[in-house]
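> Under the UniProt record's numbering, think of the first position of the sequence shown as 1, with each following residue one higher. What follows is a structure written as C-alpha cells; I'll ask about it next.
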Amino acid sequence: MSRLLTPDLGRVQFNGLDVAKTSGDKLATILSVLRQENHFTSRLTVSDLVGFGRYPYSKGRLNENDRQYIDAAMEFLNLMPLKDRYLDELSGGQRQRAYVAMVLCQDTKYILLDEPLNNLDMKHCVAMMKQLRRAADELKKTIILVIHDINFASAYSDHIIAMKDGAVIYRGAPEEIMQPDILEEIFDIKIRIEKVQDQHIAVYYR
1 MSRLLTPDLG
11 RVQFNGLDVA
21 KTSGDKLATI
31 LSVLRQENHF
41 TSRLTVSDLV
51 GFGRYPYSKG
61 RLNENDRQYI
71 DAAMEFLNLM
81 PLKDRYLDEL
91 SGGQRQRAYV
101 AMVLCQDTKY
111 ILLDEPLNNL
121 DMKHCVAMMK
131 QLRRAADELK
141 KTIILVIHDI
151 NFASAYSDHI
161 IAMKDGAVIY
171 RGAPEEIMQP
181 DILEEIFDIK
191 IRIEKVQDQH
201 IAVYYR
C-alpha cells in the first residue's frame, strides 16, 4: 500500500486506485506515510519539517494557505513553542511528534504509520497514542498503525489485524482478538488476559 514493495502477483488497490499505476502526487493527496526510519537533516526546524507535508500541493512554494495548515498541525500536537527549534535539539518524543505533525499537515484522509512508538519511553508512547486517537476522532482521519505492543493496540484501536509470517491470521475488534488462545497462537508464548477499567490487558511477562 505504501509502495515500499512491488507485488509479486495481482494488484494493490487503495480507495479505488491501482497503487502501482497511480502517480505519486495523486496518491500523496489521499494517503500519507510515515516510515520507521526518516532521513531528514537535523538542521531543519520543526516548522520546516512540518511544511514538507504540503509538498504534494505546493511543490515547495508555500503560500498562505499552506502556512495555515502548517500552523494548525503544530497547534494540534502542541508544537508551537518548539516551531523554531532544530530537530537535533529535540527529545525523541518531541521529534516523533514533529514527524506526525508533518503527515497531519499533508491533510490526507488516510494515514499509515510504521511503528511510530519506536525508541519512545512509556510516557511518550502513551502521549503519542492519545494524540493519534484524538486525530482519528476529531480530525476524522483513518489511521493505520504497524505496532507490536498488543496492549496499546487493544487500548486505542477500533480494529486489529494480526499477522504472522507475512500472512493475516486474525482480524476483528480488540475484544475479539484479546483472547488467550488467539494471542498465544500469534506470539508463541503463554498469555493471560486481565480486564482493567473495561480494557483487555495481555499479561505475558511471567
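The beta-carbon is built from N, C-alpha and C at its ideal position, and this holds for glycine as well.
Would you identify the three-state DSSP class for residue 30, choosing helix, strand or coil?
Looking at residue 30 - three-state DSSP - the assignment turns out to be coil, as it is neither helix nor strand.
> Alpha helix (DSSP H) containing residue 179: first to last residue?
Segment: none, residue 179 is in no alpha helix (DSSP H) and carries neither H nor E.
> List in chain order: all unbroken alpha helix (DSSP H) runs of 4+ residues lying wholly within the region 112 to 146.
Qualifying alpha helix (DSSP H) stretches, in chain order: 122 to 138.
> Which residue wins for smallest C-alpha separation from residue 119, given the options 149, 198 and 107?
Looking at the Cα atoms, 149 is the closest of the given residues.
> Tell me the DSSP secondary structure of residue 46 in three-state form.
Correct three-state label for residue 46: helix.
> Closer than 6 Å by C-beta to residue 155: which residues in its own chain qualify, once you throw out the five before and the five after it? Chain order, please.
Hits under 6 Å: 199.
> Can you give me the start and stop residues for the beta strand (DSSP E) that residue 161 sits inside?
Note, residue 161: beta strand (DSSP E), 160 to 164.
> Excluding the five sequence neighbours on either side, which residues of its own chain have a C-beta within less than 7 Å of the C-beta of residue 180, listed in chain order?
Answer for residue 180: 191, 192 and 193, listed in chain order.
> When we look at the beta-carbon of residue 7 and count the other beta-carbons within 10 Å, is it buried (16 or more) or exposed?
With fewer than 16 Cβ atoms within 10 Å of its Cβ, residue 7 is classed as exposed.
> Pick from 152, 132 and 143: whose alpha carbon is nearest that of residue 122?
Closest by alpha carbon: 152.
> In its own chain, which residues sit with a C-beta less than 6 Å from the C-beta of residue 124, not counting the 5 before and 5 after it?
Once the five neighbours on either side are set aside, the close Cβ partners of residue 124 are 93.
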